[in-house]
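Peer 1:
Protein chains: 4
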Amino acid sequence: MLVVMKSSASVEMVDAVVKAVADMGLKAHPIPGANRTAIGITGNKAQVNDSQLRALAGVEDLVHVTAPYKLVGRDFHPQSSEVVIDDVVIGGKEIVLMGGPCSVEPLEITLEIAKAVKNAGGKVFRGGAFKPRTSPYSFQGLGEEGLKILAQVRQETGLKIITEAIDPENLKLVAEYTDIIQIGARNMQNFSLLKAAGKSDKAVMIKRGMSSTVDELLMAAEYVLAGGNERVILCERGVRTFAAHTRNTLDLSAIPYVKARSHLPIIADPSHGTGVREMVAALSRASIAVGADGLILETHIQPDKALSDAFQTITTEEFSSVAKESAEIAHIMGRKL
Amino acid sequence: MLVVMKSSASVEMVDAVVKAVADMGLKAHPIPGANRTAIGITGNKAQVNDSQLRALAGVEDLVHVTAPYKLVGRDFHPQSSEVVIDDVVIGGKEIVLMGGPCSVEPLEITLEIAKAVKNAGGKVFRGGAFKPRTSPYSFQGLGEEGLKILAQVRQETGLKIITEAIDPENLKLVAEYTDIIQIGARNMQNFSLLKAAGKSDKAVMIKRGMSSTVDELLMAAEYVLAGGNERVILCERGVRTFAAHTRNTLDLSAIPYVKARSHLPIIADPSHGTGVREMVAALSRASIAVGADGLILETHIQPDKALSDAFQTITTEEFSSVAKESAEIAHIMGRKL
Amino acid sequence: MLVVMKSSASVEMVDAVVKAVADMGLKAHPIPGANRTAIGITGNKAQVNDSQLRALAGVEDLVHVTAPYKLVGRDFHPQSSEVVIDDVVIGGKEIVLMGGPCSVEPLEITLEIAKAVKNAGGKVFRGGAFKPRTSPYSFQGLGEEGLKILAQVRQETGLKIITEAIDPENLKLVAEYTDIIQIGARNMQNFSLLKAAGKSDKAVMIKRGMSSTVDELLMAAEYVLAGGNERVILCERGVRTFAAHTRNTLDLSAIPYVKARSHLPIIADPSHGTGVREMVAALSRASIAVGADGLILETHIQPDKALSDAFQTITTEEFSSVAKESAEIAHIMGRKL
Amino acid sequence: MLVVMKSSASVEMVDAVVKAVADMGLKAHPIPGANRTAIGITGNKAQVNDSQLRALAGVEDLVHVTAPYKLVGRDFHPQSSEVVIDDVVIGGKEIVLMGGPCSVEPLEITLEIAKAVKNAGGKVFRGGAFKPRTSPYSFQGLGEEGLKILAQVRQETGLKIITEAIDPENLKLVAEYTDIIQIGARNMQNFSLLKAAGKSDKAVMIKRGMSSTVDELLMAAEYVLAGGNERVILCERGVRTFAAHTRNTLDLSAIPYVKARSHLPIIADPSHGTGVREMVAALSRASIAVGADGLILETHIQPDKALSDAFQTITTEEFSSVAKESAEIAHIMGRKL
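Residue numbers (the numbering used here), protein chains in the order written: chain B, 4 to 340; chain H, 4 to 340; chain Y, 4 to 340; chain X, 4 to 340.
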């Protein structure tokens with residue numbers, strides 16, 4: 004770490020920082036500059052806890068050299084991880100498509116969507132049974148009834164299931180039915196939920212929070228790995244910006260960034276990432292081209308009748324078309340679908 | 004609500020929207036424009052659920068006329084609410100100061116800070132016992148031991164206590180000890196937690212999420228009121244932007260906006276709102292001047308020794324000085340402290 | 004347009020709006036709602052100037068139904084435009100690659116880069132002669148000497164030239180040498196410059212401002228078309244967000260959005276869009292896959308020696324590799340390169 | 004400066020950086036860390052040009068210790084500057100109020116507004132003669148006719164004049180009539196315009212760009228001072244964020260930040276900073292309380308009839324009320340109005 008002193012910092016202030024560093028069992032290396040001093044710190048095994056140093060008189064800024072994550076990073080785990088769920092492998096050579104309605108629909112409709120997803124080459128079926136909604140008056144999902152419908156989809160189609168858990172207690176229930184537990188964007192820093200996911204034996208997919216940096220996403224994953232669960236998938240789903248033409252701004256640069264720093268697989272969600280049905284296909288192609296390990300898409304046999312998110316849900320025919328285009332781009336990337 | 008059709012929308016598409024509106028039991032009023040048609044919708048008692056309309060062919064955009072909240076709004080509750088905790092009233096004529104360390108410190112130190120807060124005119128003591136931290140390796144708070152220290156502070160000083168609850172199970176424990184349950188910024192859309200808070204008999208303070216709109220903050224409060232708990236305080240604590248000179252951008256315009264639309268009290272948090280100790284006093288003055296009902300500040304007898312957030316924690320002497328300046332500005336505003 | 008009244012608006016306030024609309028020669032259609040009234044406006048040929056209506060008592064919000072642009076929109080110009088510069092066509096079936104150094108380098112180096120760009124399949128050579136720099140002490144470009152070097156590149160390689168103009172006077176000079184005048188991101192709302200570009204007989208490329216909405220980008224182009232110059236190319240180059248892992252956030256959804264609303268061609272700039280050399284290839288692939296009509300990339304034979312932007316400049320070998328990958332993706336898209 | 008190497012960087016890569024630093028005539032200080040190396044750089048008189056270093060193999064990040072500005076900074080100019088225009092002093096003990104319509108109105112109306120501004124205690128009259136507008140079809144201001152009206156206002160009232168210049172040629176014309184040349188937010192990084200302002204003998208006010216950091220605002224001012232014009236005033240006018248309840252987010256923390264780092268005066272613009280008439284008074288109070296040297300406000304005798312920005316323009320009665328409240332808060336701050 005580097006401590007940058009103010010230009011007005013006195014020799015005594017610099018000495019106080021050096022002493023504070025020594026008190027932490029670390030070594031300080033003062034570097035006098037043109038009009039201010041910086042102090043390098045060495046000897047730390049993990050990131051230095053900077054709160055106390057930052058508060059010392061004369062300190063202008065602190066700069067971390069060591070990344071704050073270790074279990075999710077490539078430094079000590081250089082090869083890419085694959086998250087394996089029976090015959091489905093996420094993070095390997097194959098691109099994995101996940102699809103389904105925003106909310107779990109009644110059984111018959113849900114099954115029909117699932118069959119279309121499977122026919123198009125999808126491997127994982129998505130559908131929310133417990134829905135985090137901005138308004139208490141909006142439809143909150145079918146609850147456990149929805150989980151049972153998902154279980155039946157798995158039984159009848161062989162598709163793996165991904166569905167969201169919304170609190171630690173709820174996660175136990177969800178884990179009984181699902182193959183992958185989804186941690187939603189609004190819960191990306193719900194640390195109680197992340198800790199519960201860390202103790203689960205089910206795979207976990209963490210969506211990037213709508214104003215989270217990619218490093219914060221990696222730290223959220225670090226919570227799950229630190230809890231003992233190494234089967235974590237990340238998901239870029241768009242961030243909140245001033246842009247008005249989409250619901251969120253899909254930040255595709257997050258994918259090569261994660262790939263360079265972490266061994267975990269990462270997929271993209273162009274449905275939430277745009278919030279606009281007409282843009283989903285284009286951003287799906289872009290996601291595969293940028294290096295995503297898969298896609299998660301909202302699809303429905305009749306989007307206009309969907310229980311929620313109808314405006315960003317594509318038809319199952321469009322899902323099938325996205326699958327074909329993705330396969331072609333995957334091929335160029337030396338991958339397959 | 005208004006449905007804006009695309010300029011390319013056919014007569015059939017417009018008719019389909021009119022029919023869909025009628026199927027919802029509402030009335031549609033087509034308004035033909037120069038190069039496109041808009042359709043007004045009336046007859047709705049609450050905000051129209053727009054997901055299905057948005058998905059219809061030819062629909063360009065939807066515009067809500069009715070606000071999505073009702074219990075927190077002034078439409079049906081024009082007079083301002085006061086949240087009363089024994090002799091402390093938040094949202095009344097008096098400005099309420101809350102202060103204390105980021106994390107609860109050992110008893111002796113905590114008590115000493117609390118006495119300084121009280122002497123400066125503070126009415127509520129803050130301190131985190133359960134801390135949501137970006138890193139699993141950061142100090143996570145003293146836990147229930149911290150709650151016991153807070154209870155002792157109340158007993159010895161008479162100050163009311165505010166401390167954060169981090170999940171529904173944890174909220175029950177926190178509620179046993181505290182006077183005000185804090186819902187942190189990262190949990191503003193943790194709906195399980197909001198629902199649990201709605202069933203509590205303790206007052207609740209909700210901090211604005213770091214990328215939440217003010218309307219989303221009001222909707223979070225709507226969850227608590229809809230659950231039966233009307234004693235809700237809002238808190239502006241800064242949002243995440245591109246600005247680099249502060250940790251967050253304190254959005255003081257949120258305060259007059261909330262005051263105009265909601266009857267709930269709202270306070271400001273210049274400590275998190277800037278993340279810079281040197282700016283806390285200036286933004287505290289501005290918060291009172293803009294109309295906040297109070298301040299919540301991180302303060303410590305020795306900030307450099309604080310267990311967390313040292314860099315944004317002011318000394319108890321500075322806290323006292325902020326209290327004096329706030330009192331003077333409150334006086335101008337026709338309020339007192 | 005729709006005028007949304009406050010729920011507290013009186014009948015007199017509604018009447019005053021209706022009268023104001025009539026005074027503008029337009030027709031008002033009041034739509035009484037559950038707890039407030041909306042007023043539809045028809046009869047306008049262009050977007051209604053809303054400033055005065057917004058200011059009337061009782062007005063909560065205004066909603067435009069008519070898009071603010073007309074010359075750049077598809078409403079009256081449904082087929083896509085091609086910007087033709089001799090044998091180079093931008094916006095047609097072919098993907099166009101533009102490449103070159105950030106700043107024009109000395110002649111020998113510049114020529115060597117240009118030959119590599121041409122060999123890789125590039126059609127347009129980029130290089131800044133006049134550089135807008137945040138610091139007055141940074142290198143500001145070679146000036147007219149740089150323009151002469153660019154002219155020599157054209158003569159020796161046959162590549163078309165794109166270079167930036169920074170003010171109306173400067174634009175006249177730049178137009179003497181270049182084939183395409185670039186309006187940089189910082190000047191996207193420099194309306195004097197846009198007006199000057201509208202009077203030029205050279206093609207113009209406008210980069211999206213770093214905090215501009217896509218509609219504002221379209222309005223900037225509207226200035227140039229309204230001035231009489233129809234040969235306009237748009238460029239998505241990333242916007243400013245809170246994200247810390249890239250210099251800008253490349254907003255690829257802008258491309259399908261523009262394609263749906265405007266007939267103008269649009270290309271992508273992954274060099275500025277990421278600011279990170281290692282990410283340029285991945286985001287280039289994604290840009291083609293999302294539907295861009297071309298790419299503009301910073302490339303150099305020795306990036307480490309570049310006069311500016313070295314950290315986001317790829318080698319000419321990498322440029323060649325991007326060209327190959329782009330050609331493969333273009334093929335899937337039914338295009339070629 | 005500090006160069007942070009990647010954990011995978013080889014000894015040779017570190018050596019190459021050390022050599023590159025030496026080639027720049029500076030001194031490198033390698034600091035080996037737990038799992039990567041950092042290299043401190045000393046000997047630089049100004050900020051190190053980092054473009055080439057950033058591009059070297061194995062470099063993860065660069066951290067500047069020296070601030071990029073010098074003329075506007077307090078390091079070499081510790082006392083605050085006052086911008087003096089005859090008897091009006093900006094940046095001194097007195098708070099300066101500037102007011103007037105968005106656009107210059109016809110003479111009679113303009114004069115009436117100006118008299119009200121003067122009666123309320125205003126010292127400077129604002130009004131745009133040349134208006135940068137998003138749409139080419141919006142009213143662009145009265146042009147030179149507007150400047151003549153402003154000159155007449157000065158003659159009849161004694162108020163100083165501030166009005167915007169929009170390009171270098173236009174600046175010469177504007178400078179003939181005005182006392183303070185305004186550089187608008189959209190032109191904050193129009194460096195040709197800043198250079199022209201640097202050569203003017205008139206005072207200059209620079210508004211923060213809507214997505215500019217405060218350091219970029221200071222660098223814009225550095226251009227003007229480097230050109231020879233030391234009479235520069237800064238203005239915080241709100242930045243663009245995701246927030247939807249205001250037109251811009253007024254970032255009041257910019258004011259104490261600038262005060263701590265720069266000797267230049269800084270004022271606030273709550274009219275553009277909120278874009279909502281009802282919020283202007285509250286944010287004006289907050290601006291004075293946070294330490295601004297003045298306010299610039301849009302005011303009109305009949306806001307509903309204003310030629311532009313009617314929705315954020317306050318009445319002259321409201322302006323007078325803001326002046327009274329500001330005077331009271333100024334008094335608390337040890338200032339006057």
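No residue lacks a Cβ here, since even glycine has one placed at the ideal position from N, Cα and C.
#1: Counting only the same chain and skipping the five closest in sequence on each side, list residues whose C-beta sits under 8 Å from that of B/MET8.
#2: Following the continuous alpha helix (DSSP H) through B/ARG243, name the residue where it begins and the one where it ends.
#3: Quick one: give me the first and last residue of the beta strand (DSSP E) that X/VAL341 is part of.
#4: Specify the secondary structure class of X/ALA31 as computed by DSSP and reduced to three states.
#5: Please list the terminal residues of the continuous beta strand (DSSP E) segment that includes X/ALA41.
#6: If you count every other CB in all the chains shown that lies within 10 Å of the CB of B/PRO109, and 16 or more means buried, which is it?
#7: Among the residues of its own chain, which have a CB less than 6 Å from the CB of H/VAL66, if the five just before and after it don't count?
#8: Can you tell me the Cα-Cα spacing of X/LEU74 and Y/GLY94, whole angstroms?
#9: Assuming Y/THR244 contacts B/THR244 (C-beta within less than 8 Å), just tell me the rounded distance between them.
#10: Should the segment 78-94 of chain Y be called in touch with the segment 276-285 of chain Y, which here means at least 3 C-beta pairs below 8 Å?
#11: Using the beta-carbon count (16 or more within 10 Å), is H/GLU179 buried or exposed?
#12: Identify which residue in H/ALA224, H/GLY230, H/ALA246 has its Cα closest to the Cα of H/LEU237.
#13: Taking the alpha-carbon of B/GLY130 as reference, which of B/ILE98, B/GLU172, B/ASP182 has the nearest alpha-carbon?
#14: Mind pulling the chain H residues with CB within less than 9 Å of B/TYR180?
#15: Of the choices B/TYR140, B/ALA12, B/LYS30, B/LEU59, whose alpha-carbon is the least far from that of H/PHE377?
#16: Might you give, ordered along the chain, the residues of its own chain that have their beta carbon closer than 6 Å to the beta carbon of Y/HIS266, omitting 5 neighbours on each side?
#17: Below 7 Å on C-beta distance, what does Y/THR244 contact in chain H?
#18: Counting Cβ pairs, one atom from each stretch, are 3 or more of them under 8 Å apart for the segment 117-133 of chain X and the segment 165-178 of chain X?
#19: Given a cut-off of 7 Å on the beta-carbon distance, is the pair H/SER290 and H/ALA263 in contact?
#20: Note the first and the last residue of the continuous beta strand (DSSP E) segment covering H/VAL66.
#21: For chain Y, is any of its Cβ atoms less than 7 Å away from the one on B/ILE169?
#22: Going by DSSP, what residue range makes up the beta strand (DSSP E) through Y/HIS303?
#23: Is the shortest distance between the beta-carbon of Y/ALA41 and the beta-carbons of chain H less than 7 Å?
#24: Starting from X/THR216, find everything on chain H with Cβ-Cβ shorter than 9 Å and list it in chain order.
#25: Who are the Cβ neighbours of B/ALA188 in its own chain at under 7 Å, not counting the five residues just before and after it?
#26: Which residue comes first and which comes last in the alpha helix (DSSP H) that contains H/GLY276?
#27: Which partner residues does X/GLN185 have in the DSSP bridge list?
#28: Which term fits X/ASN251, buried or exposed, when burial requires 16 or more other beta carbons within 10 angstroms of its beta carbon?
#29: Entirely within the segment 77-143 of chain X and at least 4 residues each: give me those alpha helix (DSSP H) ranges in chain order.
#30: List the residues of chain H that B/PRO109 touches, going by C-beta distances under 9 Å, in chain order.
#31: Along the chain, where does the alpha helix (DSSP H) that runs through Y/VAL261 open and close?
#32: By DSSP, does Y/THR216 sit in helix, in strand, or in coil?
#33: Given that B/TYR226 touches chain H, what residues does it touch there, using C-beta distances under 9 Å?
#34: From the beta carbon of Y/ALA206, is the nearest beta carbon of chain X less than 7 Å away?
#35: Could you tell me whether any non-hydrogen atom of the ligand NAP is closer than 6 Å to the CB of Y/LYS73?
#36: Between which two residues does the beta strand (DSSP E) containing X/LEU74 stretch?
Peer 2: Per the coordinate set shown:
#1: Indexing the first sequence from 1 puts residue 8 of chain B at position 5. MET16, VAL17, VAL20, ARG39, THR40, ALA41, ILE42, GLY61, VAL62, GLU63.
#2: Taking the first sequence and counting its residues from 1, the one referred to as residue 243 of chain B is at position 240. B/ARG243 -> no alpha helix (DSSP H), and no H or E assigned at all.
#3: Missing from the structure shown is residue 341 of chain X; chain X here goes from 4 to 340 and no further.
#4: Mapped onto the fourth sequence, residue 31 of chain X falls at position 28. Residue state, collapsed to three classes: strand.
#5: Your numbering for residue 41 of chain X matches position 38 in the fourth sequence. 40-45 is the extent of the beta strand (DSSP E) around X/ALA41.
#6: Stepping through the first sequence from its first residue, residue 109 of chain B is reached at position 106. That one is exposed.
#7: Within the second sequence, numbered from 1, the residue matching residue 66 of chain H stands at position 63. Closer than 6 Å at Cβ, skipping near neighbours: LEU5.
#8: Looking up residue 74 of chain X in the fourth sequence gives position 71. Looking up residue 94 of chain Y in the third sequence gives position 91. In a straight line, the C-alpha of X/LEU74 is about 47 Å away from that of Y/GLY94.
#9: Working through the third sequence from its first residue, we reach residue 244 of chain Y at position 241. Working through the first sequence from its first residue, we reach residue 244 of chain B at position 241. Right, their Cβ atoms sit about 5 Å apart.
#10: no
#11: Residue 179 of chain H sits at position 176 when you count from the first residue of the second sequence. When all chains shown are included, H/GLU179 counts as exposed.
#12: For this step, residue 237 of chain H is matched to residue 234 along the second sequence. Per the Cα distances, H/ALA224.
#13: To locate residue 130 of chain B, count along the first sequence from 1; it is residue 127. Of the listed residues, the one whose Cα sits closest to B/GLY130 is B/ASP182.
#14: Position 177 of the first sequence holds residue 180 of chain B. Neighbours of B/TYR180 on chain H: none; closest Cβ ~18 Å, over 9 Å.
#15: One cannot answer for residue 377 of chain H here, as it falls past the ends of chain H, which runs 4 to 340.
#16: Counted from its first residue, the third sequence places residue 266 of chain Y at position 263. Once the five neighbours on either side are set aside, the close Cβ partners of Y/HIS266 are ARG77, HIS80, SER83, SER84.
#17: Within the third sequence, the letter at position 241 stands for residue 244 of chain Y. PHE245, listed in chain order.
#18: yes
#19: Position 287 of the second sequence, counting from 1, holds the residue named residue 290 of chain H. Position 260 of the second sequence, counting from 1, holds the residue named residue 263 of chain H. Going by C-beta atoms, H/SER290 is not nearer than 7 Å to H/ALA263.
#20: The sequence position of residue 66 of chain H within the second sequence is 63, counting from 1. That run of the beta strand (DSSP E) goes 62-66.
#21: Here residue 169 of chain B refers to the residue found at position 166 of the first sequence. With 7 Å as the cut-off, B/ILE169 does not count as an interface residue toward chain Y.
#22: Within the third sequence, numbered from 1, the residue matching residue 303 of chain Y stands at position 300. Run containing Y/HIS303: 297-303, per the beta strand (DSSP E) assignment.
#23: The residue you call residue 41 of chain Y lines up with position 38 of the third sequence. Judged by the 7 Å Cβ criterion, Y/ALA41 is in contact with chain H.
#24: In the fourth sequence, residue 216 of chain X corresponds to position 213, counting from 1. In chain order: PHE245, ALA246, ALA247, HIS248.
#25: Start at 1 with the first residue of the first sequence, and residue 188 of chain B comes out as number 185. Once the five neighbours on either side are set aside, the close Cβ partners of B/ALA188 are LYS210, ARG211, GLY212, MET213, ARG240.
#26: Translated into the one-based positions of the second sequence, residue 276 of chain H becomes position 273. Start and end: 273-277.
#27: Taking the first residue of the fourth sequence as 1, we reach residue 185 of chain X at position 182. Bridge partners of X/GLN185: X/GLU167, X/MET208.
#28: In the fourth sequence, counting from the first residue as 1, residue 251 of chain X sits at position 248. Buried, by the Cβ-count rule.
#29: 110-122
#30: Taking the first sequence and counting its residues from 1, the one referred to as residue 109 of chain B is at position 106. Going along chain H, no residue has its Cβ under 9 Å from B/PRO109, so there is no contact; the nearest lies around 16 Å.
#31: Counting from 1 along the third sequence, the entry for residue 261 of chain Y is found at position 258. Residues 257-264.
#32: Along the third sequence, one-based indexing puts residue 216 of chain Y at 213. Here Y/THR216 sits in coil by DSSP.
#33: Your numbering for residue 226 of chain B matches position 223 in the first sequence. Those are SER138, PRO139, listed as they occur along chain H.
#34: The residue labelled residue 206 of chain Y in the question sits at position 203 within the third sequence. So no, Y/ALA206 is outside the interface.
#35: Among the components of this structure there are no ligands whatsoever, and the ligand NAP is therefore not found.
#36: Locating residue 74 of chain X in the fourth sequence gives position 71, where the first residue counts as 1. From DSSP, X/LEU74 is part of no beta strand (DSSP E); its letter is neither H nor E.
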